[in-house]
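Read through the structure below, which is laid out as structure tokens, and then see the notes.
Protein chains: 4
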Amino acid sequence: MKNIKNLTSKKVLCSDQIDAISEQKAKTSKTFRPVVKGIEEILFEAFPLLDHGFIRVIDYMGDDQAVVQAARVSYGKGTRRVSEDRGLIRYLMRHRHSTPFEMCEIKLHVKLPIFVARQWIRHRTASINEYSARYSVLDKEFYIPNEKDLAVQSYSNKQGRGAILSKNQSIEALRMLKADAEKSYQTYEYLLNETNDGKVIDENKDGLARELARINLTLNTYTQWYWKTNLHNLMNFIHLRADEHAQYEIRVYAKTIAEIMKAWVPLTSEAFDSYRSGSVELSAEAFKIIKLMISGKKVNQKESGLSLREWNELMDIIS
Amino acid sequence: MKNIKNLTSKKVLCSDQIDAISEQKAKTSKTFRPVVKGIEEILFEAFPLLDHGFIRVIDYMGDDQAVVQAARVSYGKGTRRVSEDRGLIRYLMRHRHSTPFEMCEIKLHVKLPIFVARQWIRHRTASINEYSARYSVLDKEFYIPNEKDLAVQSYSNKQGRGAILSKNQSIEALRMLKADAEKSYQTYEYLLNETNDGKVIDENKDGLARELARINLTLNTYTQWYWKTNLHNLMNFIHLRADEHAQYEIRVYAKTIAEIMKAWVPLTSEAFDSYRSGSVELSAEAFKIIKLMISGKKVNQKESGLSLREWNELMDIIS
Amino acid sequence: MKNIKNLTSKKVLCSDQIDAISEQKAKTSKTFRPVVKGIEEILFEAFPLLDHGFIRVIDYMGDDQAVVQAARVSYGKGTRRVSEDRGLIRYLMRHRHSTPFEMCEIKLHVKLPIFVARQWIRHRTASINEYSARYSVLDKEFYIPNEKDLAVQSYSNKQGRGAILSKNQSIEALRMLKADAEKSYQTYEYLLNETNDGKVIDENKDGLARELARINLTLNTYTQWYWKTNLHNLMNFIHLRADEHAQYEIRVYAKTIAEIMKAWVPLTSEAFDSYRSGSVELSAEAFKIIKLMISGKKVNQKESGLSLREWNELMDIIS
Amino acid sequence: MKNIKNLTSKKVLCSDQIDAISEQKAKTSKTFRPVVKGIEEILFEAFPLLDHGFIRVIDYMGDDQAVVQAARVSYGKGTRRVSEDRGLIRYLMRHRHSTPFEMCEIKLHVKLPIFVARQWIRHRTASINEYSARYSVLDKEFYIPNEKDLAVQSYSNKQGRGAILSKNQSIEALRMLKADAEKSYQTYEYLLNETNDGKVIDENKDGLARELARINLTLNTYTQWYWKTNLHNLMNFIHLRADEHAQYEIRVYAKTIAEIMKAWVPLTSEAFDSYRSGSVELSAEAFKIIKLMISGKKVNQKESGLSLREWNELMDIIS
């Protein structure tokens, strides 16, 4: 909890937004529903990500108890002790009984670059309302990486990054990314005949339809959306996108969501770390080799029956 | 609101359940989340349905404002007046912009006959945890219709009901339904070697596995589940299942859910009545005829180009 | 392939159905689409299951190549050799890249007891058209287990089966299951005022609406449906339902579907056996212990940090 | 059929692709599955759209008969005449019985600008494999509108287009869109240290990771994907995206898909035109007014109870 609260900062919000949040947080209501203190504390707050992005928790439904309750399809709180709830949640996670985790729901407000949004939306079991660039003008905000995140194309992993770019190349790359994004945005304003802050540029001209002008923007332009999903699908998202094979820029979002999840449903989060994010899956063939190894036998790739690629992946895991 | 509260009754619950609910309702917590008074008042209460069924609201997320907020992807409460929120919600409903309605979520606890559960579950976009008859023994409760609901097979509607059965036939039918359900349940207990209230019948015998014994139960046996869905899918459910073509026994559930929805999101509920449950959809061909009629022309079926069936359906609607 | 064809039998079909199938199989058409010989050979044929059930393949779309093609988002057949396709499919399966498997689709016609249908339908990502007992009269067919499948309730597994029932209890149980199902069906016919083969019983009486009469039937009554899903979801179904924790009566369906899958997409089926149905998943904590064991260390439950239950599960796996 | 074949052109494909298609079309196989002549004729062919886009049908499953078959859950072809199939399909469409339409499936290969892809992907019930710009280099192709499609922002419709832009402004806008897209692509190549056709630019430099370089591209850059969905969801797509409120650039795709649908399932397509794309939906309140009008009464907005906006929408429809 501590560290997630430290992540909070209002730098990414404009003053209107800060006022609105203050107003929301000035007022509490009474409810019979389950309430999670850890998540109430961070409700509406913005966790900054990348250079202009953020995640805010807007609403939630249910808690660890709701998972337990659904698993038991029982009434009321029951008499079982917390230790038993923990055991039940771990059992459900271990055996992939996923439906009780669907009983919790969370809604986030996210600001993110368009190329990240394009990966994110591949998770289909969620509800989304995105800021519409057909209806409104997008802010002048683009993602420009940090120098340390500019990496060369990886040779071993065709969709990954290798070493960090040389200092000289980095400086030039960042300059170019910035210049192109700004140039495209400038054209965007010109075509709209309207500046970022709503002023008409030339009274004697018409503005191009917003839905057309926006096609000139670069993929690092920021967008925002409301994203709502259940706890089961949230874990799928984290599992895939916090993984080291995911692109760095979506990984930082997934990792922040993992922290939010920990504040919201600590028992589920702990079980997730054991059985999902930290788990190891071995093929039938690989597990036979593991058993031989446990029994003290030496095995080599040739005898193993595994392809070289699979053998290497296995050796990586057990080293 | 009044009438939905009057629907509440504790007759369908056992004393353990009543105690558990009392305990839950004795305690409120503070939350920053939106709270809906109308739904808080009925939280956990059981609305009785049919002879042994019920619906209880277990949890909810969001309100009419959450729909508006998602549509505006805006911060905070904004400055718009309620009248404008109502107009926006009606606009969204009229133009089938369904994603903002997905931003609200509700969780119900439902007790229902198995044959109703089989229709209900066809709505795939929902989360379900059902009481497991592989794990536990089902209660001795079957749905036996009221005399007034025993109808003969309809001739015009191959999947519907016609006139009410004669008094004599009704009495006999009810007697038979009851006798068969009881006989099947008696066998169920015998096979389990265990009575309904957990007593072993014959210490010298084994019980058949629960997952096998239950196959002897009749389709009017009651089951129960937690069912969670978003407001958009809830409206789809109500639209299809509160319709007069739906079977009476699921229709009573859908109508109660419509009442719950009214207590929860009154503006959305009103718009739903205007544009969805009360709306009329006309084919391209039928609408041409309507336009002729408005202009004062007489039209008959032959000239209309409609099939006799479609013509009759149209005449029904405008009469 | 051989064994799946041997499974075929026409005993479960009525003569009309056999004629219809013969007619369909008398006629072939030309297509530019990919065609899989192994599945064409079994198209429309009925694989008998349990006492009255069956599975028939009605249609399919795509093959192993379609998975490869989607993964490459490439044109045409390309120049790669089969060995590379196999490697790619295994890579996709190993790394849970599931979307290419969604590119293949299959449609089955299934006859199954209602209690099995109730488990099956929990797989939501599929399309279903079920025989409607509101519209038509259900056949007089119930599932009565074989003696060897009548097991007592398991003590270790609360939702499973233990030892086989004693001979005497078995005979009695089967007699009772049969008698109750027949009695319920007899009442069903009486209430409908119509026999199974369409004859009116008493001309002076009305029949109860079908949607009501059917509520008297027992859960082992057979129903049937068309079920269509993609290859990814088909594998999820097989993985969960062919598992030894699944109820025997659905497991036999899942295993037949696994055989059909082998005839349809042999490379995917092989990869599925390696990485999904035969794979082993270990928690972060369990894998640490495995690594200790490989390095030759002795570990016991107390030191392991695992609960007794998890420890026992792990010992089971590696033994 | 004629016109859809005339739409075909190979200009949008490169020579490798044309060869691959020729090879596929040189070979037919025999199948027992239903085959639709109209769609076989256009299989694999590219229908050009916008300046560089296309749609190709890659595979399909089922036909109008498959809809009928699912609705009847029947065996074989049955004895009913085509006129009855047409009537049944129209009945299903009229009463929104959507599940039989899910029994047909189609797979398309689509090339489209990224901003169109972002709208398209909002349809969640579909399978997608997209060309990966993390893995491969995107082609140097951007969407530049035709002069006649460059419209000013609409005043009445906040997310639509109004009149066409003046000649002078158009010329300038097109020049700017082109220049910015080319500049961004040039930077993209520079950062990759690799030209569009795979040549290294500077042997002494490293290339930036593809997943990073691509963030500089503009939203009108073309991407491509395999998109597979069932007939029910295909109709939802067409209904929403061929609508005049949809952005022109996605509308042209939806309209081509509607033509493909006509070639594939002509009876369903005809019913869709009657009851879905050409239908009129009236609110409860609006329909009361229509009934008054039919009975010869004069009604005005004030008395109508409709808001001015709804009244105007109604008058538009009946005029």
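Residue numbers (the numbering used here), protein chains in the order written: chain B, 742 to 1060; chain Y, 742 to 1060; chain Z, 742 to 1060; chain S, 742 to 1060.
Every residue gets a Cβ at the ideal spot worked out from N, C-alpha and C, and that includes glycine.
Please state whether the Cβ-Cβ distance between L949 of chain Y and L932 of chain Y is less than 8 Å.
Residue numbering aside, residue 949 of chain Y sits at position 208 when the second sequence is read from its first letter. Residue numbering aside, residue 932 of chain Y sits at position 191 when the second sequence is read from its first letter. Yes; because the gap between Cβ atoms is below 8 Å, this pair is in contact.
Would you say G948 of chain Y faces chain Z, with C-beta separation under 8 Å as the test?
Translated into positions along the second sequence, residue 948 of chain Y becomes position 207. True, the Cβ-Cβ gap to chain Z drops below 8 Å.
Between L784 of chain Z and F773 of chain S, what straight-line distance do the alpha-carbon atoms span, to the nearest angstrom?
In the third sequence, counting from the first residue as 1, residue 784 of chain Z sits at position 43. In the fourth sequence, counting from the first residue as 1, residue 773 of chain S sits at position 32. The straight-line gap from Cα to Cα measures roughly 7 Å.
When the cut-off is 8 Å and only beta carbons count, does Y872 of chain S lie next to chain Z?
Taking the fourth sequence and counting its residues from 1, one reaches residue 872 of chain S at position 131. Taking Cβ atoms only, chain Z reaches closer than 8 Å to Y872 of chain S, which makes this a yes.
Please state whether DSSP places C755 of chain S in a helix, a strand or coil.
Here the question's residue 755 of chain S lines up with position 14 in the fourth sequence. Coil, per DSSP.
Got a sec, what are the start and stop residues for the beta strand (DSSP E) D938 of chain Z sits in?
For this step, residue 938 of chain Z is matched to residue 197 along the third sequence. No beta strand (DSSP E) holds D938 of chain Z; DSSP gives it neither H nor E.
Drop a sphere of 10 angstroms on the beta-carbon of L1049 of chain S, count the other beta-carbons inside from all chains shown, and report buried for 16 or more, exposed for fewer.
On the fourth sequence, residue 1049 of chain S is found 308 positions in, with the first residue counted as 1. Flag for L1049 of chain S reads exposed.
Could you name the residues of the same chain whose beta carbon sits closer than 8 Å to that of I885 of chain Z, not counting the 5 residues immediately before and after it, in chain order?
If you number the third sequence from 1, residue 885 of chain Z lands on position 144. Closer than 8 Å at the Cβ level, and outside the excluded window around I885 of chain Z, lie D792, L915, L918, K919, A922 and N961.
Where do the N-terminal and C-terminal ends of the beta strand (DSSP E) with Y884 of chain S fall, by residue?
In the fourth sequence, residue 884 of chain S corresponds to position 143, counting from 1. No beta strand (DSSP E) holds Y884 of chain S; DSSP gives it neither H nor E.
May I have the straight-line CA-CA distance separating D841 of chain B from N1041 of chain S, to the nearest angstrom?
In the first sequence, the residue the question calls residue 841 of chain B occupies position 100. In the fourth sequence, the residue the question calls residue 1041 of chain S occupies position 300. The sequence shown places Pro at residue 841 of chain B, rather than the Asp named in the question. Their Cα atoms are separated by approximately 54 Å.
What number of angstroms, rounded off, separates the C-alpha of A807 of chain S from the C-alpha of M844 of chain S?
The residue you call residue 807 of chain S lines up with position 66 of the fourth sequence. The residue you call residue 844 of chain S lines up with position 103 of the fourth sequence. About 7 Å.
Which of the three DSSP states is assigned to K779 of chain B in this structure?
Along the first sequence, read from residue 1 onward, the residue named residue 779 of chain B stands at position 38. Checking the displayed sequence, the identity of residue 779 of chain B turns out to be Gly instead of Lys. If DSSP states are grouped into helix, strand and coil, G779 of chain B belongs with the helices.
On the DSSP bridge list, what partners appear for M802 of chain S?
For the purposes of this step, residue 802 of chain S is taken as residue 61 along the fourth sequence, with counting starting at 1. M802 of chain S pairs with S:E846.
Hey, out of B:A874, B:K908 and B:N934, whose CA is closest to N887 of chain B's CA?
Against the first sequence, residue 887 of chain B aligns to sequence position 146. Checking every option, the nearest Cα to that of N887 of chain B belongs to B:K908.
Of all Cβ atoms in chain B, is any one closer than 8 Å to the Cβ of R774 of chain Y?
Residue numbering aside, residue 774 of chain Y sits at position 33 when the second sequence is read from its first letter. Chain B contact via Cβ: present.
Identify, in the order they occur along the chain, each residue of the same chain with its Cβ nearer than 8 Å to the Cβ of R902 of chain Y, setting aside the five sequence neighbours on each side.
If you number the second sequence from 1, residue 902 of chain Y lands on position 161. Cβ within range, chain order: A892, V893, Q894, S895 and Y989.
Would you say L784 of chain S lies against chain Z (beta-carbon separation less than 8 Å)?
Locating residue 784 of chain S in the fourth sequence gives position 43, counting from the first residue. L784 of chain S counts as touching chain Z.
Relative to the C-alpha of D805 of chain Y, which candidate in Y:E786, Y:K1032, Y:K889 and Y:I830 has its C-alpha closest?
For the purposes of this step, residue 805 of chain Y is taken as residue 64 along the second sequence, with counting starting at 1. With distances taken between Cα atoms, D805 of chain Y lies closest to Y:I830.
Classify N870 of chain Z: buried if its beta carbon has 16 or more other beta carbons within 10 angstroms, exposed otherwise.
Sequence index remark: in the third sequence, residue 870 of chain Z carries index 129 (1-based). Label assigned to N870 of chain Z: buried.
Under a three-way DSSP split, which group does L949 of chain B fall into?
As a position in the first sequence, residue 949 of chain B is number 208, starting the count at 1. Strand at L949 of chain B.
Identify, in the order they occur along the chain, each residue of the same chain with its Cβ nearer than 6 Å to the Cβ of E1054 of chain B, setting aside the five sequence neighbours on each side.
Position 313 of the first sequence, counted from the first residue, corresponds to residue 1054 of chain B. Taken in chain order, the list of residues that qualify is empty.
Kindly say whether W1052 of chain Z, judged by its beta-carbon, lies nearer than 8 Å to any beta-carbon of chain B.
Counting from one through the third sequence, the residue named residue 1052 of chain Z turns up at place 311. Taking Cβ atoms only, chain B never reaches closer than 8 Å to W1052 of chain Z, which makes this a no.
Tell me the residue span of the alpha helix (DSSP H) that contains I998 of chain Y.
Along the second sequence, read from residue 1 onward, the residue named residue 998 of chain Y stands at position 257. Looking at the DSSP string, the run of the alpha helix (DSSP H) that includes I998 of chain Y is Y989 to W1005.
Mapping the DSSP letters down to three states, classify S839 of chain S as helix, strand or coil.
Your numbering for residue 839 of chain S matches position 98 in the fourth sequence. Coil, per DSSP.
When the Cα of N945 of chain B is compared with those of S:W968, S:K924, S:L906 and S:S877, which residue comes out closest?
Residue 945 of chain B sits at position 204 when you count from the first residue of the first sequence. Of the listed residues, the one whose Cα sits closest to N945 of chain B is S:L906.
Let me see if you follow: with CB-CB separation under 8 Å, is N846 of chain S close to chain B or not?
Looking up residue 846 of chain S in the fourth sequence gives position 105. Here residue 846 of chain S is Glu; the residue named in the question, Asn, does not match the sequence. Not an interface residue.
What is the DSSP secondary structure of F773 of chain B, reduced to helix, strand or coil?
Reading the first sequence from its first residue, position 32 is the one you call residue 773 of chain B. Here F773 of chain B sits in coil by DSSP.
Going by C-alpha to C-alpha distance, which of Z:Y967, Z:R827, Z:F1028 and Z:S1010 sits closest to V798 of chain Z?
Numbered from its first residue, the third sequence carries residue 798 of chain Z at position 57. It is Z:Y967 whose Cα lies nearest to the Cα of V798 of chain Z.
In whole angstroms, what separates the C-alpha of I867 of chain B from that of L879 of chain Z?
By 1-based counting over the first sequence, the position of residue 867 of chain B is 126. By 1-based counting over the third sequence, the position of residue 879 of chain Z is 138. Note that residue 867 of chain B corresponds to Ala in the displayed sequence, not to Ile. Rounded to whole angstroms, A867 of chain B to L879 of chain Z spans 39 Å at the Cα level.
Taking 6 Å as the limit between beta carbons, can you name the residues of its chain near K996 of chain S, skipping five residues before and five after?
Numbered from 1 along the fourth sequence, position 255 holds the residue referred to as residue 996 of chain S. So the list reads A983, once near-sequence residues are dropped.
In the DSSP assignment, find the unbroken beta strand (DSSP E) run with K969 of chain Y in it and report its ends.
As a working mapping, residue 969 of chain Y is identified with position 228 in the second sequence. Taken as a continuous stretch (DSSP letters only), the beta strand (DSSP E) holding K969 of chain Y covers Y963 to N971.
Would you mind working out which of B:R955, B:E913 and B:H850 sits nearest Q965 of chain B, comparing C-alpha positions?
As a position in the first sequence, residue 965 of chain B is number 224, starting the count at 1. Looking at the Cα atoms, B:H850 is the closest of the given residues.
Please compile the residues from chain Y whose C-beta is within a distance smaller than 8 Å of the C-beta of T970 of chain Z.
By 1-based counting over the third sequence, the position of residue 970 of chain Z is 229. Going along chain Y, no residue has its Cβ under 8 Å from T970 of chain Z, so there is no contact; the nearest lies around 12 Å.
Distance cutoff 8 Å, beta carbons only. Does I1001 of chain B sit that close to anything in chain Z?
The count along the first sequence starts at 1 and reaches residue 1001 of chain B at position 260. Cβ-Cβ to chain Z under 8 Å: no for I1001 of chain B.
Answer yes or no: does any C-beta atom of chain S fall closer than 8 Å to that of F978 of chain B?
Taking the first sequence and counting its residues from 1, one reaches residue 978 of chain B at position 237. It does not: the Cβ of F978 of chain B has no partner Cβ on chain S nearer than 8 Å.
Using the Cα positions of E1000 of chain S and S770 of chain Z, report the straight-line distance between them to the nearest angstrom.
For this step, residue 1000 of chain S is matched to residue 259 along the fourth sequence. For this step, residue 770 of chain Z is matched to residue 29 along the third sequence. Cα-Cα distance, rounded: 24 Å.
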